[in-house]
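Since the structure comes first, as structure tokens, the remarks are kept for the end.
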Amino acid sequence: MKPVITKELLDNAMSYEQYLSLLSNLLMEEKTTGENQSEDMLNYARMNDKRMKKWTKIGKLSSEIQERLLNITSPLTLLVITEGWCGDAAQNLPFIYKMTQLNPLLEMKLILRDEHPEVIDQFLTNGGRSIPKIIGLNPEDLTVLGDWGPRPTVIQNEFLENRKTQERSAIEFSVYLHLWYAQDKGITLQNDFLAKLELWNKKQQSLPVQAD
137 MKPVITKELL DNAMSYEQYL SLLSNLLMEE KTTGENQSED MLNYARMNDK
187 RMKKWTKIGK LSSEIQERLL NITSPLTLLV ITEGWCGDAA QNLPFIYKMT
237 QLNPLLEMKL ILRDEHPEVI DQFLTNGGRS IPKIIGLNPE DLTVLGDWGP
287 RPTVIQNEFL ENRKTQERSA IEFSVYLHLW YAQDKGITLQ NDFLAKLELW
337 NKKQQSLPVQ AD
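For what it's worth, this note's numbering labels the leading residue of the sequence shown as 137, then goes sequentially.
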């Protein structure tokens, strides 16, 4: 099977700064990413643009997280699959970006889900194309070390339980979800994602050394 994650894909992927710029420029044209340009999707994109800019500016990493990040000793590429209208991406990616900024061995690259169906279809969540999805890669040979997403485990479990019980409607759960994010201030995400980074770091260290 031909690999879907290639050097060419990563070379053409966006930095976090480029992604923010793309979203802002599209909104100035009353557009968002993806084919669905409905007013609802534009409203989601507007809200998410504000969320991302807010957390990028004021979000903080705990001192414990900062210390543990420095214990990541293997280079890791984090390939993020996202879209501008995605609420979970807006709440989580700013903190993940801040984490990558503290350790030069971590590189974050972003692609749009709907432009790369062949990639997201290799990393489905319960059969769905849920985003954000972050794939941990060995930058040398692009070995996949694992993936994370679309949201921290504790709130993802609540989401799945609510889908069974239907205790809250989809709209009600969305309101609850974003209130949870606002109150949590990225703390749960930091711990959840760092656990993945530490796991990928161990896997990276156990990979066979390639000959020159």
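Every residue gets a Cβ at the ideal spot worked out from N, C-alpha and C, and that includes glycine.
For clarity, every value in this text was computed on a predicted model and none was experimentally measured.
Check the C-beta distance from Glu219 over to Ala226 and give it rounded, since I have them as a contact under 8 Å.
-> Counted from its first residue, the sequence shown places residue 219 at position 83. Counted from its first residue, the sequence shown places residue 226 at position 90. Not confirmed; about 10 Å, so no contact.
Residues that DSSP places opposite Val216 in a beta bridge | Mapped onto the sequence shown, residue 216 falls at position 80. In DSSP, Val216 forms a bridge with Leu246, Ile270.
If you draw a straight line from the alpha carbon of Leu281 to that of Leu273, how long is it in whole angstroms?
-> Here residue 281 is taken as the residue at index 145 of the sequence shown, counted from 1. Here residue 273 is taken as the residue at index 137 of the sequence shown, counted from 1. Each residue's alpha carbon lies about 6 Å from the other.
Buried/exposed call for Gly285, threshold 16 Cβ in 10 Å | What you label residue 285 is simply residue 149 of the sequence shown in a count that begins at 1. It counts as buried.
Using DSSP with H/G/I as helix, E/B as strand and the rest coil, what is Asp224?
-> Here residue 224 refers to the residue found at position 88 of the sequence shown. Of the three classes helix, strand and coil, the one that applies to Asp224 here is helix, per DSSP.
Look at the Cβ atom of Leu330, then the Cβ atom of Leu205, and state whether they are nearer than 8 Å.
-> In the sequence shown, the residue the question calls residue 330 occupies position 194. In the sequence shown, the residue the question calls residue 205 occupies position 69. Yes, the pair counts as a contact, with Cβ atoms nearer than the cut-off.
Pair within 8 Å by beta-carbon distance, Glu251 and Val140 | The residue given as residue 251 occupies position 115 in the sequence shown. The residue given as residue 140 occupies position 4 in the sequence shown. In this structure, Val140 does not lie closer than 8 Å to Glu251 by Cβ.
Please classify Ala185: is it buried, with 16 or more other beta-carbons within 10 angstroms of its beta-carbon, or exposed?
-> For the purposes of this step, residue 185 is identified with residue 49 of the sequence shown, where counting begins at 1. Correcting the residue type first, residue 185 is Asp in the shown sequence and not Ala. Asp185 is buried by the Cβ-count criterion.
Neighbourhood of Val290 by C-beta distance below 7 Å, restricted to the same chain and skipping five residues each side | The residue you call residue 290 lines up with position 154 of the sequence shown. Excluding sequence neighbours, Val290 sits near Thr324.
C-beta atoms of Ser210 and Asn337 nearer than 8 Å = Position 74 of the sequence shown, counted from the start, is the residue given in the question as residue 210. Position 201 of the sequence shown, counted from the start, is the residue given in the question as residue 337. Yes, the Cβ-Cβ distance between Ser210 and Asn337 is below 8 Å.
Pick helix, strand or coil for Thr261, following the three-state DSSP scheme.
-> The residue given as residue 261 occupies position 125 in the sequence shown. Residue state, collapsed to three classes: strand.
What do you reckon, are the CB atoms on Thr169 and Leu248 nearer than 8 Å?
-> Taking the first residue of the sequence shown as position 1, residue 169 is located at position 33. Taking the first residue of the sequence shown as position 1, residue 248 is located at position 112. Yes; because the gap between Cβ atoms is below 8 Å, this pair is in contact.
From Gln341, Leu162, Pro344, Tyr312, pick the residue whose C-alpha is nearest to that of Gly223; which is it?
-> Locating residue 223 in the sequence shown gives position 87, counting from the first residue. Nearest of Gln341, Leu162, Pro344, Tyr312 to Gly223, Cα basis: Tyr312.
Could you work out which residue in Leu158, Glu203, Ala149, Phe231 is closest to Asp320 when comparing CA atoms only?
-> Here residue 320 refers to the residue found at position 184 of the sequence shown. The option with the nearest alpha carbon to Asp320 is Phe231.
Assign Asp283 to one of three DSSP states: helix, strand, or coil.
-> In the sequence shown, the residue the question calls residue 283 occupies position 147. Reduced to three states, the DSSP call for Asp283 is strand.
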